[in-house]
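Peer 1: Take a look at the following structure, please.
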Amino acid sequence: MSVTVIDVGEADFQREVIDRSRTTPVVVDFWAAWCGPCRQLGPLLEAAATAREGDVVLAKVDTDANPGLARSWGIQGIPTVKAFRDGTLAAEFVGAHPRADVEAFFDAIVPSEADRLIAAGDEQALRRALELSPGRAEAALPLARAHLARGQLDEAAALLVDMPPGFEADGLRARIALARAGELADAFAAIDRADSQRAFDLLMAALALPNGQREDVRLVLVGELARLAPDDPLARETRRRMAAVLF
């Protein structure tokens, strides 16, 4: 049996499925030898996994040999197929399905070419990802930031034209407006060099000023805060400071 298809039991489910799925998607086939629909579905699952070798793992769980796993995952009928990504359940279906449905299920779970390009993260890869998936925020936003860091405001703005409203996208649009007005160059330079403390201090100082650009400054702050973890100490402190100024 190839590395793409593995047998999994109660002793190694955590390691082979949950932990592994943090780096490679894992599709789990809950089956039993006596189950006719399982025998129909199994070859389709194995063919789909083999065709995507290296991008997905198919884990086979014999429910007769592993009743505890069947109970813990709420298996009420077989075959049941569950897909895991990033350590969590991402999708599932019950019963024997035709090949087209199985292929579509795997396509939704396995990272696309655009996903892999975004994960690479360099500008060339991000541009190619946008060609494959126009308007993809995970590619458009870092590309816009790269242009802003080089002072290429028009290029950054073009990437944001079709972006839907969102904290980071709105913040970048507001940054472009302020930069075109010649404002807050030091704060933006601090953002570009990942000096969040300095950037937030400068933006907070500007937020306290009574001028017509206050809303743009607020949007930039909110957009940058959205990039930090909610429990980040700097984020918590900055939100407290913003509330004191705004409310």
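Residue numbers (numbering that gives the first Met the number 0): 0 to 246.
Backbone N, C-alpha and C define an ideal beta-carbon position, used for all residues, glycine too.
What does DSSP give as the partner residue(s) for residue 30 in the beta ladder?
Peer 2: Sequence index remark: in the sequence shown, residue 30 carries index 31 (1-based). Answer is 61, bridged to residue 30.
Peer 1: In this structure, what does DSSP give as the bridge partners for residue 17?
Peer 2: What you label residue 17 is simply residue 18 of the sequence shown in a count that begins at 1. The partner list for residue 17 (beta bridge, DSSP) is empty, contrary to what the question assumes.
Peer 1: Should residue 246 go down as buried or exposed, given a rule of 16 or more other Cβ atoms within 10 Å for buried?
Peer 2: Looking up residue 246 in the sequence shown gives position 247. Exposed is the call here.
Peer 1: Residue 83 bridges to which residues according to DSSP?
Peer 2: Taking the first residue of the sequence shown as position 1, residue 83 is located at position 84. Paired residue(s): 25 and 88.
Peer 1: What is the DSSP secondary structure of residue 56, counted as helix, strand or coil?
Peer 2: The sequence position of residue 56 within the sequence shown is 57, counting from 1. Reduced to three states, the DSSP call for residue 56 is strand.
Peer 1: Out of curiosity, what's the CA-to-CA distance linking residue 129 and residue 149?
Peer 2: Here residue 129 refers to the residue found at position 130 of the sequence shown. Here residue 149 refers to the residue found at position 150 of the sequence shown. The straight-line gap from Cα to Cα measures roughly 20 Å.
Peer 1: Using a Cβ-Cβ cut-off of 6 Å (strictly less than) and excluding sequence neighbours within five positions of residue 11, which residues of its own chain qualify?
Peer 2: The sequence position of residue 11 within the sequence shown is 12, counting from 1. Excluding residues within five positions, none has a Cβ falling inside 6 Å.
Peer 1: Can you name, in chain order, every residue of its own chain whose Cβ lies under 6 Å from the Cβ of residue 40, other than the five neighbours on each side?
Peer 2: As a first step, residue 40 is located in the sequence shown; it is residue number 41 there, counting from the start. Once the five neighbours on either side are set aside, the close Cβ partners of residue 40 are 78 and 95.
Peer 1: Check for me: the beta strand (DSSP E) holding residue 248 runs from which residue to which?
Peer 2: This structure does not reach residue 248, given that the chain is present from 0 up to 246, and the question cannot be answered.
Peer 1: Would residue 241 and residue 218 be called neighbours here (beta carbons separated by less than 9 Å)?
Peer 2: The residue given as residue 241 occupies position 242 in the sequence shown. The residue given as residue 218 occupies position 219 in the sequence shown. Not in contact: residue 241 and residue 218 (Cβ atoms no closer than 9 Å).
Peer 1: Return the residue from the list 229, 238, 65 and 27 that minimises the CA-CA distance to residue 206.
Peer 2: Mapped onto the sequence shown, residue 206 falls at position 207. Taking only the C-alpha atoms, the option nearest residue 206 is 238.
Peer 1: Are the beta-carbon atoms of residue 26 and residue 80 separated by less than 9 Å?
Peer 2: Your numbering for residue 26 matches position 27 in the sequence shown. Your numbering for residue 80 matches position 81 in the sequence shown. Going by C-beta atoms, residue 26 is nearer than 9 Å to residue 80.
Peer 1: Take residue 158 and list the residues in its own chain whose beta-carbon comes closer than 6 Å to its own, dropping the five residues that flank it on each side.
Peer 2: By one-based count along the sequence shown, residue 158 stands at place 159. Excluding sequence neighbours, residue 158 sits near 139, 142 and 143.
Peer 1: If distances are taken between C-alpha atoms only, which option among 31, 69, 44 and 86 comes closest to residue 14?
Peer 2: Along the sequence shown, read from residue 1 onward, the residue named residue 14 stands at position 15. Residue 86 is the option with its Cα nearest to residue 14.
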